[in-house]
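K.L.:
Let me give you the structure first, and then I'll get to my questions.
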Amino acid sequence: MSRTIWSPVSANMPERELIGRAQAGDLGAFEALAEVHAHRLYTVALRFLGDGGEAEDVLQETLLRAWRGIRRFEGRAMVFTWLYRIAVNESNRALDRRQRRRTDVPVYEQAIEVPAPPRDGPASQAERQELREALRVAISQLSMPCRTALVLRDIEGLSTREAAEITGVGEAAFKSRLHQARLRVRALVGDAALVASAG
Amino acid sequence: MRLRKRRDDHAWSQEHLSHYVDGDMNWRSRRRLELHAEECPDCSLGIRALRALLRLLNGSSGRAAAASAGIFDRVRADVARAETDAGESDEP
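One line per chain: the protein sequences are U and H, in this order.
Here my numbering is used: the first residue of the first sequence is 5, the next is one more, and so on.
Here my numbering is used: the first residue of the second sequence is 113, the next is one more, and so on.
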């Protein structure tokens with residue numbers, strides 16, 4: 005890559021121009037491009053890893069890889085999808101490393117929120133906490149491909165097309181993983197607990 | 113068009129509940145599952161359970177956590193370090 009420069013960019017500079025400048029070696033333009041997505045990238049890493057420190061490391065590695073690869077970015081995918089794909093791959097790599105060390109793979113505590121009804125007594129609070137815990141454990145037990153599908157589509161709220169593109173599989177294969185993941189979580193948590201949460 | 117009951121309706125429906133709640137089925141499959149679920153407490157409960165699961169999961173999607181403010185400083189430092197290392201290795 006050509007020597008890195010850092011120049012300030014105006015807030016309303018079009019994305020296409022930012023990409024061009026970043027590809028020419030302007031780190032300032034790259035930062036402006038990536039900054040918009042940094043919190044979401046961090047959140048998705050956190051959902052996979054359940055640990056703030058590791059998620060920060062993944063974000064840092066994601067941004068570095070994106071910077072090193074920006075010249076190869078051809079604009080066929082959106083910047084967001086491209087960055088997301090790198091973040092998901094980095095998260096999976098971090099999880100692989102952790103699984104080799106045989107440590108637990110938790111799900112981010114705040115990933116699962118069980119909404120409180122208007123009048124929430126102590127018993128109901130305990131039930132919600134129990135359901136949240138059951139969901140976290142169930143998601144932790146999914147295989148990585150299934151977990152990735154569930155996190156991207158059902159928690160992150162991406163479209164099937166976006167999520168399939170990010171995971172690098174066709175839509176049919178992605179849906180199959182997603183349906184498998186949901187059925188597994190349903191089986192682990194239990195129909196009665198899930199239906200009760202809907203009131 | 114009238115659909116006939118099949119022996120494997122229950123197992124088939126259980127496998128396709130997630131497709132059903134996503135609306136990811138053709139008319140014929142959808143009708144097959146609905147006809148079965150009308151008579152099967154397990155499958156109708158399964159539909160309600162999956163809908164509740166999706167509501168729970170989707171309800172968390174808006175919560176973005178904040179990355180630390182210094183993340184780009186660290187990236188800059190890494191980039192600078194990599195360039196210094198590359199420059200040193202280029203020296204004769």
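The beta-carbon is built from N, C-alpha and C at its ideal position, and this holds for glycine as well.
Compute the Euclidean distance between the alpha carbons of residue 52 of chain U and residue 95 of chain U, then round it to the nearest angstrom.
P.N.:
Whole-angstrom Cα-Cα distance: 6 Å.
K.L.:
Spell out the partners DSSP gives residue 55 of chain U in its beta bridges.
P.N.:
Paired residues: none, contrary to the question.
K.L.:
If we cut at 9 Å on Cβ distances, does residue 171 of chain U have a partner in chain H?
P.N.:
Chain H contact via Cβ: absent.
K.L.:
Take every Cβ of the segment 60 to 67 of chain U, pair it with every Cβ of the segment 183 to 192 of chain H, and state whether three or more of those distances are shorter than 8 Å.
P.N.:
Yes, the segment 60 to 67 of chain U is in contact with the segment 183 to 192 of chain H.
K.L.:
Give a yes or no on contact between the segment 163 to 180 of chain U and the segment 82 to 98 of chain U, applying the rule of three or more CB pairs nearer than 8 Å.
P.N.:
The segment 163 to 180 of chain U is in contact with the segment 82 to 98 of chain U.
K.L.:
I'd like to know whether the C-beta of residue 201 of chain U is nearer than 9 Å to at least one C-beta of chain H.
P.N.:
Cβ-Cβ to chain H under 9 Å: yes for residue 201 of chain U.
K.L.:
Quick one: Cα of residue 137 of chain H to Cα of residue 131 of chain H, how far?
P.N.:
Going by the C-alpha atoms only, they are around 6 Å apart.
K.L.:
Where do the ends of the alpha helix (DSSP H) carrying residue 98 of chain U lie?
P.N.:
Run containing residue 98 of chain U: 83 to 104, per the alpha helix (DSSP H) assignment.
K.L.:
Can you have a look at residue 71 of chain U and say buried or exposed, based on whether 16 or more other CB atoms are within 10 angstroms of its CB?
P.N.:
Classification of residue 71 of chain U: buried, given that the 10 Å Cβ count is 16 or more.
K.L.:
In chain H, which residues lie less than 9 Å from residue 146 of chain U when you measure between Cβ atoms?
P.N.:
None at all; the shortest Cβ gap to chain H is about 12 Å.
K.L.:
Does the beta-carbon of residue 191 of chain U have 16 or more other beta-carbons within 10 angstroms, so that it is buried, or is it exposed?
P.N.:
Label assigned to residue 191 of chain U: exposed.
K.L.:
Which bits of chain U does residue 162 of chain H rub up against, with CB to CB less than 7 Å?
P.N.:
Those are 186, 190, listed as they occur along chain U.
K.L.:
Using a Cβ cut-off of 8 Å, pull out every chain H residue sitting near residue 64 of chain U, in sequence order please.
P.N.:
The contacting residues are 183, 186, 187, 190.
K.L.:
Just to make sure I have the definition right: I need the residues of chain U whose C-beta is within less than 7 Å of the C-beta of residue 157 of chain H. Which are they?
P.N.:
Result: 195, 199.
K.L.:
Once DSSP output is grouped into helix, strand and coil, what is the label at residue 120 of chain H?
P.N.:
Coil, per DSSP.
K.L.:
Would you check if the distance between the CB atom of residue 182 of chain U and the CB atom of residue 161 of chain H is smaller than 9 Å?
P.N.:
No, the Cβ-Cβ distance between residue 182 of chain U and residue 161 of chain H is not below 9 Å.
K.L.:
Could you list which residues in chain U have their beta carbon closer than 8 Å to that of residue 120 of chain H, in chain order?
P.N.:
Correct list: empty, because the minimum Cβ distance to chain U is about 17 Å.
K.L.:
Between which residues of its own chain and residue 143 of chain U is the CB-CB distance below 7 Å, once the five residues before and five after are set aside?
P.N.:
Closer than 7 Å at the Cβ level, and outside the excluded window around residue 143 of chain U, lie 111, 151, 154, 189.
K.L.:
Looking only at DSSP bridge pairs, what is residue 9 of chain U linked to?
P.N.:
In DSSP, residue 9 of chain U forms a bridge with U:30.
K.L.:
Would you give the residue range spanned by the alpha helix (DSSP H) that residue 170 of chain U belongs to?
P.N.:
Element bounds for residue 170 of chain U: 164 to 171.
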